[in-house]
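Read through the structure below, which is laid out as structure tokens, and then see the notes.
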Amino acid sequence: MPMVIDNYCISTDIDEDCQVNNEDCINKSHTITESSGDDQDSSINNEDDNDEVIREFINLFDVNREQKFYSSCNLSIYNACMEIIKHSLNLNLNKLQIQHLLNGLRLLLPTENKLPRTVTSLLKIVGRNVSELVLCDVKKEISSTAKRYVNLIQEYQNQPRMVLPGDVLNGQIYRNLPSNKSNKLTLMLHADGAPAIKVGGKSLWPIQCTLVEISPPMRDRADATMILGPWLGGTHPNRDLWWCYIVQQIHDLFRNGIIINTDAGEKLKFNIRAQYATFDLLALAQNCNIIQFNGYAACPDCDIHGIAIGRQAFYPYSATPAAPKTDHDYTTLSIQNTTVTASKGIKGSTPLTKILVFPDQIAIDYMHLVCSGHFKH
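If you're matching positions, the sequence shown starts at 43 in this note's numbering and goes up one per residue.
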């Protein structure tokens with residue numbers, strides 16, 4: 043179970059994006075539970091019916107949303123619900139706490155009030171698209187995973203060439219990463235453009251992380267894969283909100299490392315490094331803040347420019363290789379006000395440049411580009 047340290051609610055339609063840093067959400071479930079008793083089930087069904095009537099009333103008969111919350115109230119149903127949502131965000135309330143708030147308000151209001159009975163109905167009435175982001179404690183995630191595989195990690199680091207000569211540990215980037223004689227844990231990050239699952243009209247996008255020092259195929263097991271930042275919403279994740287705090291945690295671990303207490307009572311110090319991040323084409327443009335794959339300067343590695351043929355961008359063969367893009371390009375052009383051509387397809391900054399060298403540590407997506415691309419045909 044990931045160790046949760048932050049829970050964010052983001053509404054893209056309220057006056058401005060609202061971030062909520064929930065310090066009380068450690069190991070706390072934010073789901074609203076339903077009772078199993080027959081009487082209570084019947085009551086819940088009646089409440090849902092009442093909420094549906096309210097929504098239909100607003101949509102059909104109150105186009106301007108001027109129907110009062112209750113007879114002596116100055117607020118409309120819509121405005122009252124908006125106030126509840128804004129105050130809930132300002133007070134850093136999760137779903138369960140908002141439900142308790144609704145239950146408490148109902149006891150204080152006149153019986154004629156049209157207060158929604160559930161959080162879901164509250165959001166539907168105001169028509170707001172609320173996304174949820176959970177940020178996990180990266181240090182605890184790495185520590186628990188490394189402790190689980192500590193014997194394999196130590197053994198594989200000592201003999202990587204003999205076990206798997208073609209693995210990442212034997213590559214140039216791994217050998218060039220900052221190192222000393224102490225143990226190492228090297229992170230591989232991954233995010234996909236397609237959601238992992240869809241739940242209740244929303245999609246789930248996770249940031250995943252594995253350790254290079256765990257040998258294949260063990261490194262891809264479920265208990266060796268860390269989830270650092272699940273995003274649940276109707277829209278794609280906001281790049282800065284999604285990555286910024288995770289990147290900050292990883293950057294701190296670069297300096298401080300971690301200490302793991304083994305079951306044998308031994309304390310092992312590990313240096314933390316980052317090997318690469320990998321994305322499919324959609325996620326690559328979103329997370330690296332570059333032109334999409336169907337644009338004119340879409341290559342993340344070189345400064346090649348496409349040409350328009352009809353309504354499509356093509357990249358004709360040239361005997362002269364295009365100039366490679368460098369980390370300096372990504373860190374400088376992202377903050378300069380330049381033309382589209384001069385920007386080399388770099389639209390802006392991304393938090394990932396703080397822990398990765400672009401584009402060398404942005405891995406080619408072998409599965410989608412090769413296995414699901416050329417090999418498939």
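Cβ atoms here follow ideal geometry from the backbone N, Cα and C, with glycine treated the same way. Everything numeric in this text was worked out from a predicted model, so none of it was measured.
Which residues bound the beta strand (DSSP E) around residue i?
i	result
VAL172	172–178
THR380	Counting along the chain, THR380 falls outside any beta strand (DSSP E), and DSSP gives it neither H nor E.
LEU4	Beyond the ends of the chain as shown, which are 43 and 419, falls residue 4; an answer cannot be given.
Need the endpoints of the alpha helix (DSSP H) that residue i sits in, please.
i	result
PHE296	281–298
ILE314	Where ILE314 is concerned, there is no enclosing alpha helix (DSSP H), although the beta strand (DSSP E) it sits in stretches over 309–321.
ILE140	137–150
VAL168	161–168
ILE195	192–200
ASN218	214–218
Residues bridged to residue i by DSSP?
i	result
SER118	LYS110
PHE356	ILE349
THR252	MET230
MET268	CYS251
VAL241	LYS244
CYS344	PRO366
ILE333	Per DSSP, none; premise fails for ILE333.
ALA405	THR320
ILE388	ILE332
ASN303	LYS309
Given a threshold of 16 other Cβ atoms within 10 Å of its Cβ, counted over all protein chains shown, does residue i qualify as buried or as exposed?
i	result
ASP66	Reliability fails at ASP66, whose pLDDT of 38 lies under 50, so the model's placement of it is uncertain and the value that follows must be treated cautiously. Label assigned to ASP66: exposed.
THR320	buried
ALA316	buried
LYS367	buried
ILE351	exposed
ILE68	Its pLDDT being 35, under 50, ILE68 is placed unreliably by the model, and nothing is read from it.
ILE377	exposed
LEU136	Just to set this straight, residue 136 is Asn in the shown sequence, not Leu. So ASN136 ends up on the buried side.
ASP407	buried
TYR216	buried
GLU255	buried
SER173	buried
ALA361	exposed
Please return the same chain residues whose Cβ sits closer than 8 Å to the Cβ of residue i, not counting the five positions on each side in sequence.
i	result
ILE239	SER245, LEU246
ARG281	GLN328, ASN329, ASN331, THR392, PRO393
GLY299	SER224, LYS311, PHE312, ASN313, ILE314
CYS344	PRO363, ALA364, ALA365, PRO366, LYS367
MET260	TYR191, LEU194, ALA266
MET241	According to the sequence as given, residue 241 is Val; it is not Met. Hits under 8 Å: LEU274.
Could you pull out every residue in the same chain whose Cβ sits closer than 7 Å to the Cβ of residue i, ignoring the five residues on either side in sequence?
i	result
LEU206	SER257, PRO258
THR187	LEU253, ALA266, MET268
THR395	TYR372, THR373
VAL399	ASP369
ILE140	SER130, VAL161
PRO220	ARG315
ALA325	ALA233, ASP234, GLY235
Leaving out five residues before and five after residue i in sequence, what residues of the same chain have Cβ atoms less than 6 Å from its Cβ?
i	result
ILE127	none
LYS189	ILE302
ASP262	none
Original post:
So does the region 268–287 actually touch the region 243–259, counting three or more Cβ pairs closer than 8 Å?
Top reply: By the C-beta criterion, the region 268–287 is judged to be in contact with the region 243–259, since at least 3 inter-stretch pairs fall below 8 Å.
Original post:
For the region 215–235 against the region 167–174, are there 3 or more C-beta pairs whose distance is under 8 Å?
Top reply: The region 215–235, when compared against the region 167–174, does not touch it at the 8 Å Cβ threshold.
**OP:** Flag this pair as touching only if the region 193–210 and the region 275–291 have three or more C-beta atom pairs under 8 Å; answer yes or no.
**Re:** They do not touch, by the three-pair rule.
**OP:** Determine, using beta-carbon pairs with one atom in the region 307–315 and one in the region 223–230, whether at least three such pairs fall under 8 Å.
**Re:** As far as the Cβ criterion goes, the region 307–315 touches the region 223–230, which means the pair count is three or higher.
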